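Asker: Protein sequences, first through last, are from chains F and W. Just so we're aligned: the first sequence equals residues 77 to 259 in the working numbering. Just so we're aligned: the second sequence equals residues 77 to 259 in the working numbering. Just dropping this structure here.
Protein chains: 2
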Amino acid sequence: MSSPSDRPLPPLSGPVPGEDEDDRLRPGEVAAPLPERFDAGLFYIGRIRTPWTRRGDCPRNARQSDAVCTIEVDERFAAGLTGVESCTHLLVLYWMHRARRDLVVQAPRHYGEPRGTFALRSPVRPNPVAASVVKLLGVEGPRLSVVGLDCLDGTPLVDIKPYFASTDAVGDAVVGWHAARTA
Amino acid sequence: MSSPSDRPLPPLSGPVPGEDEDDRLRPGEVAAPLPERFDAGLFYIGRIRTPWTRRGDCPRNARQSDAVCTIEVDERFAAGLTGVESCTHLLVLYWMHRARRDLVVQAPRHYGEPRGTFALRSPVRPNPVAASVVKLLGVEGPRLSVVGLDCLDGTPLVDIKPYFASTDAVGDAVVGWHAARTA
């Protein structure tokens, strides 16, 4: 398998017919009409290179894979990485550009039962900003090697933050509906 | 002190002269020209009510205060909260609407030494999306009572996610530059 960084960057596009979710609602799902205007704008500050080029190939969550991924920060913003090398872990925000945004209640294929969007980590949400904690392996210029991502190759990068155990780590947190499901 | 929810919502605005950072750079700071166009748009899906109406009053980080804050989700998206009540903790994304966006190296007042934006949790960043872990106290209709926020009253809400200890909690993570500073 070729290294992700050697492959050409996939084009940015919306949902891909046949591969992404379509417009039909599953039983129990609820769509909300979206506002007519955006309230704020995001810059893509880089792209994320991963081994996964189709939605179905992505791991279900970031702990299901130890694949090394590469975060490529645009040259314009690369000076912002100064000091990042001293972090063991980072919080990475990225834009799930292929997800629809109008479902407030949804039934992900692997869960079945419908739940509120804000009780799920599904990419389908009004603002499809994902947040993943990654382990930092190395920094080479504007490129970070990390473990802990589960997104598509070419995913747009939104932000990188240092992960502080003191404020970000809550080891005994419980997601009740999920715990009940796996108990 | 009146409860935040009784006060009128403060208007949304950019940096406030005299209170927010101004355009001058401190020694060592570096500004990057921002792209001419946004790549994606955000909807404000609600507002956050906190006791803090001026930047200087906000706690330095979310663990410095046990003030109860209220997250108010717009009616349009309120059905998305179904199931959230079963979570002990949430990851809340919000928009730091009063921060400038062009600094890639910055010297926050309380740290002095300049560091890359992506090694800091400063609100000043190309995409001023903050991520805070909160403890959920209660849900009443479209309102969540939480502890663990440090933002201004009226801050626009971007997303709410369930916090999974299995993927989000890394208790032994270290931010090297910060650890060296406090050691």
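Glycine residues also receive a C-beta, built at the ideal position from the N, C-alpha and C atoms. Fair warning: this is a prediction, and the values are worked out from it, not measured in the lab.
List the DSSP bridge partners of Cys134(F).
Answerer: Within the first sequence, the letter at position 58 stands for residue 134(F). Answer is none; Cys134(F) lacks a bridge partner.
Asker: In the DSSP assignment, what are the bridge partners of His165(F)?
Answerer: In the first sequence, counting from the first residue as 1, residue 165(F) sits at position 89. His165(F) pairs with Lys211(F).
Asker: Under a Cβ-count criterion, where at least 16 other Cβ atoms within 10 Å of its own Cβ denotes burial, should Gln140(F) be classed as buried or exposed?
Answerer: The count along the first sequence starts at 1 and reaches residue 140(F) at position 64. Its Cβ having fewer than 16 others within 10 Å, Gln140(F) is exposed.
Asker: Could you please give me the residues that DSSP links to Asp235(F) through a beta bridge?
Answerer: Numbered from 1 along the first sequence, position 159 holds the residue referred to as residue 235(F). BP columns for Asp235(F) point to Leu169(F).
Asker: Kindly indicate which residue of Val251(W), Arg113(W), Pro202(W), Leu101(W) has the alpha-carbon position closest to the one of Met172(W).
Answerer: What you label residue 172(W) is simply residue 96 of the second sequence in a count that begins at 1. It is Pro202(W) whose Cα lies nearest to the Cα of Met172(W).
Asker: From the DSSP output, read off the bridge partner residues of Glu148(F).
Answerer: Mapped onto the first sequence, residue 148(F) falls at position 72. DSSP lists Arg123(F), Arg219(F) as partners of Glu148(F).
Asker: Relative to chain W, which residues along the stretch 107 to 120 of chain F have a C-beta separation below 9 Å, given in chain order?
Answerer: The residues in question are Ala108, Pro109, Leu110, Pro111, Arg113, Phe114, Asp115, Ala116, Gly117, Leu118, Phe119, Tyr120.
Asker: So what does DSSP say about Leu101(F), is it helix, strand or coil?
Answerer: In the first sequence, counting from the first residue as 1, residue 101(F) sits at position 25. Residue state, collapsed to three classes: coil.
Asker: Can you tell me which of the three DSSP states Val33(F) falls into?
Answerer: Here chain F comprises residues numbered 77 to 259, so residue 33(F) is not present and cannot be evaluated.
Asker: Between Ala175(F) and chain W, is there a C-beta pair that is closer than 8 Å?
Answerer: Locating residue 175(F) in the first sequence gives position 99, where the first residue counts as 1. So, not an interface residue.
Asker: Once DSSP output is grouped into helix, strand and coil, what is the label at Val160(F)?
Answerer: For this step, residue 160(F) is matched to residue 84 along the first sequence. In this structure, Val160(F) counts as helix in the three-state DSSP scheme.
Asker: Is the shortest distance between the beta-carbon of Pro87(F) and the beta-carbons of chain W less than 8 Å?
Answerer: Numbered from 1 along the first sequence, position 11 holds the residue referred to as residue 87(F). No, Pro87(F) lies away from the interface with chain W (no Cβ there is under 8 Å from its Cβ).
Asker: Determine, using beta carbons only, whether Cys163(W) comes closer than 8 Å to chain F.
Answerer: Taking the first residue of the second sequence as position 1, residue 163(W) is located at position 87. It does; some Cβ of chain F falls within 8 Å.
Asker: Could you pull the start and end residues of the alpha helix (DSSP H) that Gly252(F) belongs to?
Answerer: The count along the first sequence starts at 1 and reaches residue 252(F) at position 176. Run containing Gly252(F): 252 to 258, per the alpha helix (DSSP H) assignment.
Asker: Measuring CB to CB, does Cys227(F) end up less than 8 Å from Tyr170(F)?
Answerer: Locating residue 227(F) in the first sequence gives position 151, counting from the first residue. Locating residue 170(F) in the first sequence gives position 94, counting from the first residue. Contact: yes.
Asker: Could you name the residues of chain W that Leu101(F) contacts, counting a contact when the two beta carbons are closer than 8 Å?
Answerer: Mapped onto the first sequence, residue 101(F) falls at position 25. Per Cβ cutoff of 8 Å: no residues; Leu101(F) is ~13 Å from chain W at best.
Asker: Any beta carbon of chain F sitting closer than 8 Å to that of Asp45(W)?
Answerer: The shown model of chain W, from 77 to 259, leaves out residue 45(W), and the question about it has no answer.
Asker: With distances taken between CB atoms, is the gap from Ala155(W) to Gly188(F) smaller than 8 Å?
Answerer: Walking along the second sequence from the start, residue 155(W) turns up at place 79. Walking along the first sequence from the start, residue 188(F) turns up at place 112. Taking 8 Å as the Cβ cut-off, Ala155(W) and Gly188(F) do not qualify as a contacting pair.
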